[in-house]
Every structure is written in C-alpha cells, then in structure tokens.
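The structure appears below as structure tokens.
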Amino acid sequence: MNFVKVSLDSYPVKYYNRTHKVTNTLRLKGIGLLTWAEEDIKRFFQRLDLTFMVYMILQQDVVYVEFYKKKDSSYVFNLFNHNPPKGQLERKRDIRAEYVNVRYDIKEDSPTVYSRDVSRLVGGLPGREATTEVKGEANSQCETNSQHETNCQSEPHSESDLRAANSGGDVSIQADAIGEDFSEEVIRTYEEEQWLKYTKNDEINLCHYFCRSTPNKIYKSYCVPDPRLFFSRECLDRIGVLLDGRQPNQISFLKCHVNKAVEYVIESRHIFQDEIAFLVMKNDLPMSFLDIRKETKTNLLVAKNTLIRIKGRRRYELIWGIPKKKTLPLEGETMRRKDSYLLIFRFIDEPSVRKMLTQKHRNQKVKDEPQEKSCVPVEVGQDNSESIERTYVLDVYNKIAQHFCYTRYKSWNNVESLINEEQEGNLIIDVGCGNGKNVQVSSKYFFIGLDFSWHLLKLAQRKWNSDLFLANCVSIPLRSNIADLCISIAVIHHIGTHEKRRKAVAEMVRCTKVGGRILIYVWAYEQQENVVGNRKFDSQDIFVPWYLQPQHTLEGSEDVNAAEAAEREVLHPAKKDLQKLQRYYHVFRKEELHDMCLSISGVRVEDFFFDTNNWAILLRRVA
C-alpha cells in the first residue's frame, strides 16, 4: 500500500478527455486530512488487507483510492455503501465511496495545428508560455507535390537549444539522439516473423505487457520476456546512454502508420516510476500532449530520431496520444504524413507489480473448497419422500441460494441452442427455473419460470422478460396447452418417488401445446471420468454434500445480520467453519428416464442423449 499527497488539480483528479468510468478508482468522502491524522488513515486502510494506492488530497476531506484489480474496488465500494461494518470501523459509517467519473476540459483557444517547434512542450510549464525559437527550423527542406501539399522531413533541432529551453527540468528533448543505423536495425528486427506472436495492433511489448486500453493492467505474458532477445548488445548500450544509465523494464514498440491512432493514455504511478521516454524513428511523427493542469493541448510534429523524456510530476500530468490523420495542418502549410515507428521506455516499480501479480484477490483467498465427492445412500419411500424433499431439497436450496447462484450463472450450451431454435415471441416455461439462468438466453421469447425455492426466485427476479411464481413441479398451476417449449433442467432428480417424478413430466406435457417440445435433464447414474463433478454412486437414491461458506450467506439468510456478516468477512476471511449440508438426489439410469417418458401418452421421443454426466431427453407432444 502506497500513499501520495496531491492537490485538487493534479492526477488522478483530472486526467482523461472523455467522461470515463474508471472502475478501479474510488473517491471516498468523509475521510481525509481535515478529520483524521495521516497515520490513522494508513492504519484504517491496512485493515482491509488489499493492494492499492491512496491519494490524500491536501486540505480536502476526500481520499482517492486506486486499486490494481477491479474486484477489489467493487468490494470496497460495496463495503462502505451497502454493508457498513461494526466494531472498530463503526465510527467511520459516514464514509461513502463513489466511482471516479472525471474528465478534463480543453480551453477553447488551444491550437489545433501542429508545430515542429518541440520546445513548446518543454516551455509549457505551469505559469508561463513557451517562447523559445529553435535554430535550424528555417532550414527545413520541404518537397512540394502537385497537390501543393508538403512531404517534409524537418531539419533536426539543436540539442543545446532544446536542453536550454527545459528550465523546469521535468521535460527534456534530444534531437538526433540516434543514428540511422540504430533505427534501421531496430525496425528490421521488428519486421522479423519470429515476433509476430507477440505483435498485437502493430505493437510489441517487451519485459511486461502494458494494456493501454485498460487502466493499470500489466502482464508478464503476451510480451517478449527479455529485451536481450530483441535488441542487440549495441542497441541496449545506446538505450542505456540515452537514459543516463537506466535500463527500462517495460518497452512498447509501436508501428504508427497513417491509419493508426493511439488514444490518450492513462498511466498510473501505482505501477510506474516517475519517468517515461519516447523515441521517434524512420519518419516525423505527430503527437498530442495534454496538460491536465493548464487544460491545454500541445500538437507537435516530432522529428525522426528525437528523444523526449518526461519526469517527475509532469510524467502524469502530460498525457499523450497520436492522431489518425493522413495529412496534418501545420503553421502555414499542410503535410502529408508517412508511417513512423515509436519506442516508449517506461520504468516499472518491480516490487509493487510483483506483489500485484502474485497476490490473490480477496475472493480467491476464500475460494470455495472442492466439493466432497462421497455420497451417502438413503432409503426413500412413500412414507418419507415428502419430508426428505422438504428437509434435504427445499430447505437446503433456500440456505445455499446465493452460493448456488454464484456457481450456476450461465445456461448450458445445448439448452441454450435448443431455446434459440424457437420462433421469436414463443412462450417458454422453465420448470424449476432456480436463479433464472436460462431466462437470460434471449429477450426474443416470453418466459414463465416456476420454482419451489423462494430465495432462488428472488435471485431470478433480476432477469429480463420473465414472469415468476412459487410452485411445485408435481402440480403446475397453469392452464393446459400454452407453452411452445417446456424445459426442466436438473429438477426432477430431486423428487423422491417414481410416481411423483412421472407426474411432474406429465404436468409438463399437459402445459405444452400440441406440436410443442419438452426438454428434460437429469443427473446420470453412469458417470464419465475426467468430467467436472463426476462421482461414483453405490445407490440411485443418495445424499450429496454441499459445503456452504460464510461469505455466501450475506444475502438470503434471515437469521444473519448483514452488518455483522460484513464485519466477520473483513476481519475473519472465511476459509474454515464451512457448513455441511446434504442434498437429496435420485440419479437416473439410462433406460429409466427414456421408459418413464414413453409411458406418458401423447408424446414421442425426438432425441435422447448423454450430456456432461446428465441424461437428456427431448419430447414432442403429438396429441
């Protein structure tokens, strides 16, 4: 955990050109230097046991918290806004978290044309404008084509003049930093076929992969692992000289063709150190630098072989981009742009990133233990079937509703495919809809869902285009002949007797139109090896254990106080104290489901198949 003190007009309060929900940065109101001591703030955040950067805004009762992982920010957001904990955090209940949704404004008088005077970037420090004239610009040689456009390669600026303009010391520009031999060698290496597997959007990353489209994402994969594999020894030595002996540990190599744009990039001091460098090669390159303090934009045509280094505070207050333009408006002329190459050198805070990449998310710390595969045989008959269904099916699903929803969130592929075969506007009944995972397949259909678990139905209410009601599949309170398709996925294997299982199927047939279809899935007695969740059964009627973890009981449980549960989750992550519950199943043999369905009049079997340790049957009502 790192702490930085900043002011209101600096990063991260203002840094992006569009309204953009940065989902891993939070603004916490009700906490800050006005009300707490700095050490109190640090101790408070350390209790959360997460990895993040804290920006303490001077003279403001607000703190910005930037997380490496989106799930961490979601957890803290919910912690403060929905489940304020008790105990030692009780006095902080006035804290509220909101996602950062910030933008910067560009002043209307900001120039829109591009300039070869790169010293404007150097001179554009807070409080004064750049006025430096650079020698050699008047000697630029331009070749005019028949369209009166200019194909230009500007004369390199004087290195001493450029350095003299850098009075602030945070930005330095070096013309002719490299020779043509360096440029040609590096570009030739870039074009080699062996690097194609590391090339994405005409960009190669070395040492670390930096995802520019997503804030704060660094990966050790998708990149050339060692720069020595890409650069020659001479090139690496030259890079070290250019950067005052420092070797960058993240390098991005971009091919900037005329149809390629690079949007303004969000880069975080949570990951990077306070320096970035740009090296332009082959042809001049247009670049835009946005000053988030002054709300101005500097459009530059950077000459080839020029090195730009940005350090310190300016590293994060100047954000850069490359336009997608074939021609550029210059001062008094128009230039036809050519393809260029750009090397970007960054310095990553290795210890912080290593910790981020290796640290498990707090939800992963309490990752569900593998469910026990041993099953207990049980005797079921007419006299005890109802009590077994109530105690070991209904009561269990009401308790595990949230956990069940966490593990069953997507429709099975074959079920989804069959649903999508229906015509738009058809009515589909989902018997035993559970959390409604099949309802979200498509909004083209009308769904009716029923289940006998009230807590699962509450979760299903979040789905679209569905009517839900509480009912038992053995007696469906719907009129006959209304459904174009009726599905029952992993439901009737929870029914205790053959007679009631057959009655449930008959009820589905009754509710289906003549010509409509019925799809039924049940757990199979015959299990395949190497399939997730496979087991070995000694009996067809069994108890299967379910281990319920405390973090899945925060909702849907009437006997657990939400605030107490939230505090328990923060201070005592749930790795132990698992609650073992038994669910009743009747696992079907192959011929059993087939014969039971054929015993019902008015249907024919259209398909019968084995799908991931389940028997499935597709019926069509014919009478």
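Using the UniProt record's numbering, the letters of the sequence shown correspond one by one to residues 1 to 623.
All residues carry an ideal CB built from backbone N, CA and C; glycine is no exception.
From a predicted model like this one, the values you see are computed outputs, not experimental measurements.
Straight-line Cα distance separating residue j from residue i
i: Trp-615; j: Ile-276; result: 60 angstroms
i: Leu-328; j: Asn-259; result: 13 angstroms
i: Phe-588; j: Gly-425; result: 34 angstroms
i: Leu-506; j: Val-474; result: In the sequence as displayed, the identity of residue 506 is Ala instead of Leu. Those two C-alpha atoms are separated by around 9 angstroms.
i: Lys-71; j: Asn-24; result: 8 angstroms
i: Ala-477; j: Ser-73; result: In the sequence as presented, Ala is not what sits at residue 477; that position holds Pro. If you take the alpha carbons of Pro-477 and Ser-73, they lie about 45 angstroms apart.
i: Asn-81; j: Lys-42; result: 20 angstroms
i: His-455; j: Asp-274; result: 52 angstroms
i: Ala-175; j: Cys-256; result: 20 angstroms
i: Glu-386; j: Ser-539; result: 20 angstroms
i: Gln-423; j: Ile-322; result: 48 angstroms
i: Ala-460; j: Ala-471; result: 14 angstroms
i: Leu-26; j: Val-54; result: 10 angstroms
i: Arg-501; j: Gln-549; result: 31 angstroms
i: Ser-268; j: Asp-181; result: 34 angstroms
i: residue 697; j: His-208; result: Residue 697 lies beyond the residue range present for the chain, which begins at 1 and ends at 623; the question has no answer from this structure.
i: Glu-39; j: Val-63; result: 14 angstroms
i: Ile-251; j: Ser-488; result: 54 angstroms
i: Leu-330; j: Gln-46; result: 52 angstroms
i: Leu-598; j: Glu-591; result: 11 angstroms
i: Cys-235; j: Arg-293; result: 36 angstroms
i: Val-262; j: Gly-432; result: 50 angstroms
i: Glu-98; j: Lys-29; result: 8 angstroms
i: Glu-90; j: Phe-44; result: At Glu-90, the pLDDT of 44 sits below 50, so the modelled position is not reliable; the number obtained from the coordinates is stated separately. So the two alpha carbons sit approximately 12 angstroms from each other.
Identified DSSP bridge partners for residue i
i: Ala-586; result: It is worth fixing the name first, because residue 586 is His in this sequence and not Ala. His-586 pairs with Asp-541.
i: residue 634; result: A query on residue 634 cannot be resolved here, the shown segment of the chain reaching from 1 to 623 and no further.
i: Ala-277; result: Arg-309, Phe-345
i: Trp-615; result: Val-522, Phe-610
i: Met-596; result: Bridge partners of Met-596: none, in fact.
i: Asn-472; result: Ser-475
i: Glu-333; result: Leu-330
i: Pro-377; result: Ile-542
i: Ser-252; result: Asn-205, Ile-344
i: Gly-321; result: Ser-288
Assumed close pair residue i, residue j - CB separation to whole angstroms, cut-off 8 angstroms
i: Phe-67; j: Leu-48; result: So it is not a contact: roughly 10 angstroms between Cβ atoms.
i: Tyr-406; j: His-494; result: 20 angstroms between Cβ atoms; not a contact.
i: Ile-178; j: Tyr-190; result: Rounded, the Cβ-Cβ distance is 15 angstroms, inconsistent with contact.
i: Asp-467; j: Lys-513; result: That belief does not hold up - the Cβ atoms of Asp-467 and Lys-513 are roughly 18 angstroms apart, past 8 angstroms.
i: residue 643; j: Leu-301; result: Residue 643 cannot be examined here, being either before or after the span of the chain that is shown, 1 to 623.
i: Asn-435; j: Phe-404; result: 7 angstroms
i: Ser-443; j: Asn-420; result: Not really, about 12 angstroms apart at Cβ, beyond 8 angstroms.
Where residue i falls: helix, strand or coil (DSSP)
i: Gly-240; result: helix
i: Tyr-392; result: helix
i: Phe-230; result: coil
i: Glu-98; result: strand
i: Arg-27; result: strand
i: Arg-120; result: helix
i: Val-514; result: strand
i: Glu-267; result: coil
i: residue 630; result: Examination of residue 630 is not possible in this model, given that the chain is present from 1 through 623 alone.
i: Ser-221; result: coil
i: Ile-419; result: helix
i: Ile-495; result: coil
i: Cys-433; result: coil
i: Arg-502; result: helix
i: Ser-387; result: helix
i: Ile-41; result: helix
i: Arg-354; result: helix
Within 7 angstroms, strictly: CB atoms of residue i and residue j
i: Phe-543; j: Val-393; result: no
i: Ile-344; j: Asn-249; result: no
i: Leu-318; j: Leu-279; result: no
i: Val-396; j: Asp-541; result: no
i: Arg-314; j: Val-122; result: no
i: Lys-297; j: Ser-110; result: yes
i: Met-287; j: Trp-320; result: yes
i: Arg-621; j: Gly-516; result: yes
i: Asn-613; j: Gln-528; result: yes
i: Ile-218; j: Ile-271; result: yes
i: Leu-342; j: Leu-254; result: yes
i: Ile-600; j: Phe-608; result: no
i: Phe-447; j: Val-439; result: yes
i: Leu-290; j: Tyr-264; result: yes
i: Pro-545; j: Lys-503; result: no
i: Val-522; j: Leu-593; result: yes
i: Ile-429; j: Tyr-445; result: no
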